[in-house]
Structures are given as structure tokens and as C-alpha cells.
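Enquirer: Handing you this structure, nothing more for now.
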Amino acid sequence: LLIILNTPIGSGKNADASLVLADQLIAAKLNVANGSDPAPVSSTITHSDSLLSGFIGKLPYHVKPSSASGQAMVTDATVLNNYNNGALTPGCTL
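Set out below in C-alpha cells:
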């Protein structure tokens, strides 16, 4: 996990959407394991796992954010980022 989290994701059109999503997905799963309410993101976690499982081998998958898969990954990553930062869990204190 640390290798994935420490791998630079790039920026802008040169970002790797698979790493953007993986970083947020790892954080969300750790938050759930630590007791955060999974309800706001359970379907997003499932969808994110499905997106990443569509690729063969290990991360990074070098997915352009502008591709169809990349757009879906960035969308899911945005939802997970909001969750990871407490925006989707009312009453959550960081």
C-alpha cells in the first residue's frame, strides 16, 4: 500500500487516474476499517473496485483522466475524497 500511496500521480492531463482513484480508495477503506460509517460511499467503493479490477497486473495502470475509464475513476475519487475529508459524514470530526 505504501508503494501505491507514495507513487506520484502526475498532474492535469498527465495524471494517472488509476493512482488518483487508488489513493482515495485505500484511504476510504482504512476509514471504514477504523469505524467510519460506510453508507455514504459503499456503492462508490464497490464501483471503484470494479473499475480497477478491469485492468491486468499491478498499479499503476497509466489511465488518462480524459478516457472513459479515467473519467469514471476521477468521479469516484472525488466522491471518496469528500468522504475521506468528512464532507459526507455529518457530525464527523477530523
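Under this note's numbering, the first residue of the sequence shown carries the number 4, and numbering increases by one thereafter.
Beta carbons: idealized from backbone N, C-alpha and C, even for Gly.
Bear in mind that the values here come from a model prediction, so they are computed numbers and not experimental data.
Mapping the DSSP letters down to three states, classify residue 73 as helix, strand or coil.
Expert: In this structure, residue 73 counts as helix in the three-state DSSP scheme.
Enquirer: Taking Cβ to Cβ, would you say residue 24 is nearer than 9 Å to residue 5?
Expert: Cβ distance not < 9 Å, so residue 24 and residue 5 don't count as in contact.
Enquirer: Measure the Cβ-Cβ separation of residue 14 and residue 62 and say whether it is below 9 Å.
Expert: Contact: no.
Enquirer: Nearest to residue 67 by CA position, among 12, 8 and 7, is which residue?
Expert: Checked all of 12, 8 and 7; the closest Cα to residue 67 is 12.
Enquirer: Starting from the C-beta of residue 33, find all residues in its chain whose C-beta is less than 6 Å away, skip the five residues before and the five after it, and write them out in chain order.
Expert: No residues qualify anywhere along the chain.
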